[in-house]
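Novice:
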DNA sequence: TGATATTATTTCAATATTGAACGATTGTAA
DNA sequence: TTACAATCGTTCAATATTGAAATAATATCA
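Protein chains in written order, with the numbering used here: chain F, 1 to 148; chain U, 149 to 296.
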């Protein structure tokens with residue numbers, strides 16, 4: 001999307017880079033979504049299962065931090081995963097404010113089964129970049145992600 | 149988020165790069181959202197106004213392509229912008245399937261007023277990367293966005 | 001011309017997402 | 001200890017988002 005914005009060269013470059021970044025990410029996520037790499041799960045649900053799979057049981061607030069989502073959102077996504085029998089809630093006995101969310105057997109079995117296909121799809125979609133380019137992209141994103 | 153995934157080196161690198169990319173973008177967008185650079189507008193609404201401002205009047209399907217959103221979504225976002233009096237719908241007379249969406253005076257005045265602040269916020273958030281780094285990031289994103 | 005396919009938009013159900021308000025619980029400090 | 005502050009999760013209203021089904025209009029082709 002061209003912008004024609006009359007700003008300083010620094011602003012124009014920042015805006016141009018920002019647009020390329022967000023469009024590339026949107027486009028990549030959209031292509032991945034259409035591969036149906038996690039059938040029967042929404043992207044958010046898949047993200048929660050993946051986090052619990054790799055990090056172990058987590059309370060909802062930590063889950064929200066990891067996934068960069070609000071508390072209200074986590075409550076709803078966990079609700080739906082719980083209805084599907086993929087995760088379980090256990091209220092902590094030491095501090096009764098916390099609820100620990102963990103995978104059920106069904107949830108673990110599911111994420112273990114579909115995760116390899118997910119990785120393969122990502123690998124294919126990233127294959128337009130060489131190994132060196134991926135390395136460089138990762139480095140720049142790491143720097144940008146931490147913020148100014 | 150560490151993954152501990154036992155895949156080929158190629159898969160591990162792709163997954164690592166993918167995670168860094170999506171987290172950097174999420175984090176950047178989240179930081180921008182908290183700057184309240186488009187008060188009273190959602191991010192989607194701002195995106196529509198911005199597109200119409202830079203590209204001129206567009207029909208809804210083209211708007212959906214530009215913004216990478218579904219038709220149903222565009223209908224709702226335009227509905228809300230129309231209620232706010234920021235855009236107007238006009239059904240095409242040549243081909244009555246099309247609806248042209250354009251900015252109202254109020255909409256144009258608004259986007260003209262808030263766009264500079266939006267650009268400034270982006271410039272500040274991107275300032276952790278040098279000009280050369282932004283150039284490089286843009287190039288890599290451009291390549292990735294087009295897909296494998 | 002008439003049947004069929006394509007395209008643009010709307011509608012709907014389900015889920016996501018946020019921010020604010022709220023209740024429950026725990027920590028803190030006078 | 002008692003008031004106050006902070007934290008965790010839920011609820012709610014509004015909007016977003018998708019995909020599928022439905023409608024309307026146009027294009028194509030036999």
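In this text, a Cβ means the ideal position worked out from N, Cα and C, and glycines have one as well.
I need the DSSP call for residue 207 of chain U, collapsed to helix, strand or coil.
Specialist: Residue 207 of chain U falls in the strand class under three-state DSSP.
Novice: Say whether chain U places a C-beta atom closer than 8 angstroms to the C-beta of residue 1 of chain F.
Specialist: Because residue 1 of chain F sits at a pLDDT of 45, beneath the cut-off of 50, its placement in the model cannot be relied upon, and the following sentence gives the value as read from the coordinates. Yes, its Cβ sits closer than 8 angstroms to a Cβ of chain U.
Novice: Touching or not, the stretch 179-195 of chain U and the stretch 77-88 of chain F, by the rule of three or more beta carbon pairs under 8 angstroms?
Specialist: Cβ pair count under 8 angstroms is below three, so no.
Novice: Starting from the Cα of residue 193 of chain U, find the closest Cα among U/154, U/291 and U/249 and give me that residue.
Specialist: The shortest Cα separation from residue 193 of chain U among U/154, U/291 and U/249 belongs to U/249.
Novice: Exposed or buried, which one is residue 269 of chain U when buried takes at least 16 other CB atoms within 10 Å?
Specialist: So residue 269 of chain U counts as buried.
Novice: Quick check on residue 195 of chain U: buried or exposed, where buried means 16 or more other Cβ atoms within 10 Å of its Cβ?
Specialist: The residue is buried, with at least 16 neighbouring Cβ atoms inside 10 Å.
Novice: Hey, would you say residue 32 of chain F sits closer than 8 angstroms to residue 125 of chain F, going by beta carbons?
Specialist: Result yes, Cβ atoms of residue 32 of chain F and residue 125 of chain F sit closer than 8 angstroms.
Novice: Considering only their Cβ atoms, is the gap separating residue 90 of chain F from residue 52 of chain F smaller than 8 angstroms?
Specialist: No.
Novice: Which full runs of the alpha helix (DSSP H) of 4+ residues lie inside the stretch 264-295 of chain U, going along the chain?
Specialist: Counting only runs of 4 or more, we get 279-294.
Novice: What's the C-alpha gap between residue 260 of chain U and residue 271 of chain U?
Specialist: When rounded, the distance between both Cα atoms is 18 angstroms.
Novice: Would you mind reading off the limits of the beta strand (DSSP E) that contains residue 100 of chain F?
Specialist: Residues 99-103.
Novice: Does residue 231 of chain U pass the burial test, meaning 16 or more other C-beta atoms within 10 Å, or should it be called exposed?
Specialist: Under this definition residue 231 of chain U is an exposed residue.
Novice: Quick one: what does DSSP say residue 108 of chain F is sitting in, helix, strand or coil?
Specialist: Correct three-state label for residue 108 of chain F: helix.
Novice: Can you tell me where the alpha helix (DSSP H) with residue 236 of chain U in it begins and where it stops?
Specialist: Counting along the chain, residue 236 of chain U falls outside any alpha helix (DSSP H), though it belongs to the beta strand (DSSP E) covering 235-239.
Novice: Would a C-beta distance cut-off of 8 angstroms place residue 71 of chain F and residue 64 of chain F closer than the cut-off?
Specialist: Their beta carbons are under 8 angstroms apart, which means residue 71 of chain F touches residue 64 of chain F by this criterion.
Novice: Can you tell me the Cβ-Cβ gap for residue 142 of chain F and residue 168 of chain U, rounded? I've got them flagged as a contact below 8 angstroms.
Specialist: The Cβ separation is near 5 angstroms, so the contact holds.
Novice: Would you mind sorting residue 149 of chain U into buried or exposed? The rule is 16 or more other CB atoms within 10 Å of its CB.
Specialist: Summary for residue 149 of chain U: the model assigns pLDDT 45, below 50, so the residue's position carries little reliability, and this model does not support an answer.
Novice: Flag this pair as yes or no: are the beta carbons of residue 164 of chain U and residue 68 of chain F separated by less than 8 angstroms?
Specialist: No, they are not a contact pair.
Novice: According to the Cβ coordinates, are residue 258 of chain U and residue 144 of chain F closer than 8 angstroms?
Specialist: Not in contact: residue 258 of chain U and residue 144 of chain F (Cβ atoms no closer than 8 angstroms).
Novice: Given a limit of 8 angstroms on CB to CB distance, which residues of the stretch 17-45 of chain F reach chain U?
Specialist: For the stretch 17-45 of chain F, which is checked against every Cβ of chain U, the residues closer than 8 angstroms are 17, 18, 20, 21, 22, 23, 24, 25, 26, 27, 28, 29, 30 and 31.
Novice: Could you check what DSSP says for residue 41 of chain F in three-state terms: helix, strand or coil?
Specialist: It is coil, neither helix nor strand.
Novice: Tell me whether residue 106 of chain F is buried or exposed, calling it buried when 16 or more other Cβ atoms sit within 10 Å of its Cβ.
Specialist: The residue is exposed, with fewer than 16 neighbouring Cβ atoms inside 10 Å.
Novice: Between residue 166 of chain U and the rest of its own chain, which residues show a CB-CB distance below 7 angstroms, the 5 nearest in sequence each way excluded?
Specialist: There are no such residues.
Novice: Let's test the definition: count the other Cβ atoms within 10 Å of the Cβ of residue 146 of chain F and tell me whether it reaches 16, buried, or not, exposed.
Specialist: Exposed, because fewer than 16 other Cβ atoms sit within 10 Å of the Cβ of residue 146 of chain F.
Novice: Per DSSP, what kind of secondary structure is residue 242 of chain U in: helix, strand or coil?
Specialist: Three-state DSSP puts residue 242 of chain U in coil, outside helix and strand.
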